[in-house]
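Sequential numbering from 1 applies to the sequence shown in the UniProt record's numbering.
Using N, Cα and C, we set each Cβ at its ideal position, and we do this for glycine too.
The structure under discussion appears below in the form of structure tokens.
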Amino acid sequence: MFQIRDGGLDTSPLLQRFCNTTSPPPLSTTGPNAWVKFHSDGTFSNNGFNITYHAQLSMINSFF
């Protein structure tokens with residue numbers, strides 16, 4: 001099971017939850033934090049998992 005939440009806490013809004021061997025699609029959070037949980041019940045014997053993340057700076061233009 002793999003979960004990713006939109007924030008830094010286990011109570012943050014859930015973005016996605018996956019319970020199979022399919023790779024998740026790209027996900028984005030609304031802020032600078034993401035909470036990630038991976039849990040295996042031992043049913044499958046594989047090489048683990050790989051996660052890749054990218055940080056992107058958001059620019060807000062304000063004219064006064």
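Quiz item: With respect to the beta strand (DSSP E) encompassing Gln-16, which residues constitute its N-terminal and C-terminal limits?
Solution: 14 to 18
Quiz item: Just how far apart, CA to CA, sit Asp-10 and Ser-45?
Solution: 27 Å
Self-check item: Whole-angstrom distance between Pro-13 and Ala-34, CA atom to CA atom
Solution: 10 Å
Quiz item: Run through DSSP, which three-state label would Gln-56 get?
Solution: coil
Quiz item: How many angstroms separate the CA atom of Phe-18 from the CA atom of Met-1?
Solution: 6 Å
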